[in-house]
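Its first residue numbered 27, the sequence shown is counted upward by one per residue in the working numbering. Backbone N, C-alpha and C fix where the C-beta goes; we use that ideal spot for every residue, glycine too. First comes the structure, then the notes that go with it.
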Amino acid sequence: MATPTEAQYNWHEQERIMFIHFAPTTWSEAEQNDHSVPLERINPTKLDTDQWCEAALAWGAKQIIFVAKHSGGFCWWQTDTSNYGIKNTPYKNGEGDVLKEISESCKKYGLNLGVYIYPGDKTWGAMLGGGGKTQDPTKQEAYNKIFRTQLTEVLANYGEMTEVWFDGSCVIDITDIMEKYAKNAVVFQGPHANLRWPGTESGNLAYPAWNSVKTEDLKTGVSTQIHGTPNGDAWAPLETNTTLYDHYWFWSPKKVRYRKSLDHLMENYYKSVGYGSVFLLNASPDTTGLIPQGDIKLYHDFGKEIKRRFDKSLAEVKNIKGNSVTIKFNEPTKINHAITMEDYRHGERIRAYTIEGLVNNTWVEIVNGISVGRKKIDYFDDIEVSELKLSITKSAAEPIIRSFSAYYVSDFTPPVKRKMHVYARPQTVGSWNTTDLNSTHLELKINLKDKINIPGQYILEIKPNDGKKVQIEHAAMYYNENKALDEFIQIKGNQIFMNQTAQITDNSNLYVTLKLKLNTPCSGEITFKPNIIH
């Protein structure tokens with residue numbers, strides 16, 4: 027049974043952490059840096075990393091992940107590896123170092139610090155989704171040295187990093203650097219990954235949500251929630267990341283209008299933390315370097331609402347081994363929430379459970395579930411009970427209940443039940459006829475430009491007619507003519523599973539090339555559908 031390392035456990039116990047996306051794109055409407063913003067415009071004169079930390083604390087975050095370098099290659103720290111960074115701007119007369127500032131503020135406020143450093147770099151032609159692979163192969167070796175130096179600077183000079191983000195994986199060998207400077211950090215994506223992306227940036231998980239996977243899936247560096255299995259041999263918890271502006275990571279005057287509501291954030295909380303995950307919520311400083319006051323207010327309201335609901339339980343029992351736990355009330359008590367926590371240091375042992383209430387001397391089932399992990403928040407209609415019982419109906423070993431508690435939340439509206447799919451049914455996106463065949467081999471190009479417009483996981487399915495059989499010999503995904511890493515596309519039988527992240531824009535040219543082998547000539551079609559989209 028898989029169990030967490032000490033670093034994974036300490037990270038998981040934080041429950042809530044905050045992203046900070048800040049880049050030259052903040053001075054434009056773009057989400058990916060196209061280098062259209064002159065460096066002389068980047069002068070956030072009111073930048074206050076103490077304010078960023080106060081925003082994190084307002085909603086209970088225990089860690090900040092700072093985007094020190096996004097896809098455009100702009101570096102927020104003092105480095106000689108690039109002429110595209112904070113030292114080349116008017117900010118503090120070129121002497122500014124925002125990574126140093128946020129590091130010092132995190133120490134001051136008792137927050138952990140993680141760093142996002144994009145393996146790619148537009149200044150080197152290391153394209154989006156390429157994990158640091160340069161379009162010009164003759165530049166690869168030189169860029170490898172640059173990125174390795176940048177990563178070393180970031181990890182060695184700014185205090186201990188509890189988390190390192192390699193968005194979109196990393197093809198550059200950094201093993202020695204990670205072992206020397208980040209041995210106790212958790213890692214998002216890439217060959218050193220020991221966390222998982224849910225497969226969506228909505229802030230919502232599907233349920234059940236398991237913390238373990240098969241080693242073979244984890245080694246891809248891009249495993250997601252769909253790879254979760256209670257019987258996995260590798261521990262890789264889910265980090266549920268989402269934006270405050272739906273769905274934009276960077277600030278602009280237009281994007282602020284998409285600020286989520288408090289109800290929306292509470293839904294995210296129930297479907298991330300409440301499913302046993304860590305919740306990673308973004309913050310977007312504006313061009314002054316401050317997080318906007320409207321965002322600050324929402325963070326405060328969010329933190330207050332979490333406390334209002336869950337700061338004090340009506341009753342709680344702790345540290346119980348066995349298949350049954352009971353809370354006894356002094357008198358019939360109205361409840362509408364129960365929180366179960368498993369001691370997951372010993373693995374996820376609980377595989378199914380029920381919660382019952384004693385109503386007029388009769389046990390009534392209130393709710394049932396599957397996975398628990400760190401925390402499972404169950405909610406239900408108001409019910410008055412004299413006892414509340416948790417029964418583990420299926421387990422892999424003796425259950426260890428860290429905590430079982432009951433709550434009553436006044437003025438409670440259940441989270442919205444959202445469809446997980448953008449498109450309700452598969453759509454036909456391609457076809458072939460026997461007249462297209464010169465042999466039993468066929469090559470096709472499937473344009474998905476107008477189908478994939480938000481991050482998530484998607485499926486292409488090859489459907490030959492008349493019950494014929496077809497073999498997918500090869501599949502490749504291209505984004506604006508650049509081939510994506512092979513790890514982002516998987517062939518399973520007649521289906522092709524595709525991962526797409528926030529590199530998507532409305533103008534993206536996204537397509538898949540296929541090579542098929544048909545046992546006998548036939549016609550057929552290719553269908554498309556989302557797999558995990560919330």
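Pair within 8 Å by beta-carbon distance, residue i and residue j
i    : j    : result
K88  : I46  : no
E424 : R375 : yes
L414 : S350 : no
I203 : Q176 : no
C548 : D492 : yes
F328 : A341 : no
D123 : W103 : yes
G151 : T164 : no
G229 : T201 : no
D407 : G395 : no
S567 : A235 : Any property of residue 567 remains undetermined from this structure, which presents the chain solely from 27 to 560.
G158 : G140 : no
K543 : Q497 : yes
H96  : N138 : no
I317 : W85  : no
A182 : A33  : no
L125 : F92  : yes
From the options, residue whose alpha carbon lies closest to that of residue i
i    : options                   : result
D199 : T178, P50, T149 and T188  : T178
R334 : I488, F438 and N170       : F438
L588 : G300, T539, H500 and D312 : Because the chain is modelled from 27 through 560, residue 588 falls outside the range shown and cannot be assessed.
I418 : T380, I392 and M292       : T380
A56  : T201, K281 and S412       : K281
D337 : K134, Y433, W103 and A81  : Y433
I90  : L65, D106, E130 and N508  : E130
K286 : T269, Y295, G156 and K297 : T269
C196 : K113, G550, G247 and V63  : G247
E410 : W389, S421, R400 and G399 : W389
H38  : K401, E127 and M153       : K401
G456 : P440, V442, P441 and L474 : L474
T71  : G315, S421, T31 and F192  : G315
G185 : N387, C132 and M153       : C132
L291 : N535, P441, E32 and H96   : P441
N237 : C101, A84, G399 and S436  : G399
N508 : E487, C101, N535 and K206 : N535
I128 : R174, G225, H273 and A81  : A81
G320 : K344, I365, A364 and Y271 : Y271
N308 : T546, Y325 and N109       : Y325
Nonlocal neighbours in the same chain, by C-beta distance under 8 Å from residue i, ignoring five residues either side
i    : result
K240 : H253, T255, G258, D259 and A260
Q453 : K477, T553, F554 and K555
T31  : N220 and W261
K489 : N520, G550, E551, I552 and T553
For residue i, the residue or residues it bridges with in DSSP
i    : result
P556 : Y484
P223 : Correcting the residue type first, residue 223 is Trp in the shown sequence and not Pro. Answer is T250, bridged to W223.
I353 : L414
F92  : I46 and V141
D369 : Bridge partners of D369: none, in fact.
F430 : V343 and T366
I515 : M524
Y271 : Y274 and R285
L384 : W389 and E413
T454 : T553
L291 : DSSP, once it has assigned bridges, lists no residue as partnering L291.
W261 : S238
Nonlocal neighbours in the same chain, by C-beta distance under 7 Å from residue i, ignoring five residues either side
i    : result
I68  : P50, W53, T115 and Y117
T29  : W261, R371, H372 and G373
H61  : G98 and K148
M503 : A510, F514, I515, M524 and V538
I276 : Reading off the sequence shown, one finds Phe at residue 276, where the question assumed Ile. Here the set comprises H47, A49, T51, T52, E57 and S310.
Y35  : R371
T105 : G111, Q176 and E179
K471 : Y537 and T539
V343 : V351, I353 and F430
Cut-off 6 Å between Cβ atoms - residues of its own chain near residue i, not counting five sequence neighbours on either side
i    : result
K541 : E469, E499 and H500
Q40  : K88 and Q89
W223 : T250
I427 : I346 and V351
N459 : S549
F305 : R42, T266, S298 and V299
Y233 : Y301
G155 : G194, Y505, A510 and Q529
S412 : F355, P358 and L384
beta-carbon residue i near the ligand NAP non-hydrogen atom, thresh 7 Å
i    : result
T380 : In terms of ligand content, the structure shown is empty, and the ligand NAP therefore cannot be addressed.
At least 3 beta-carbon pairs within less than 8 Å: the segment 118-135 vs the segment 351-369
no
Could you tell me whether the segment 381-399 touches the segment 461-475, where touching means 3 or more Cβ pairs closer than 8 Å?
no
Are three or more beta carbon pairs between the segment 159-177 and the segment 209-220 nearer than 8 Å?
no
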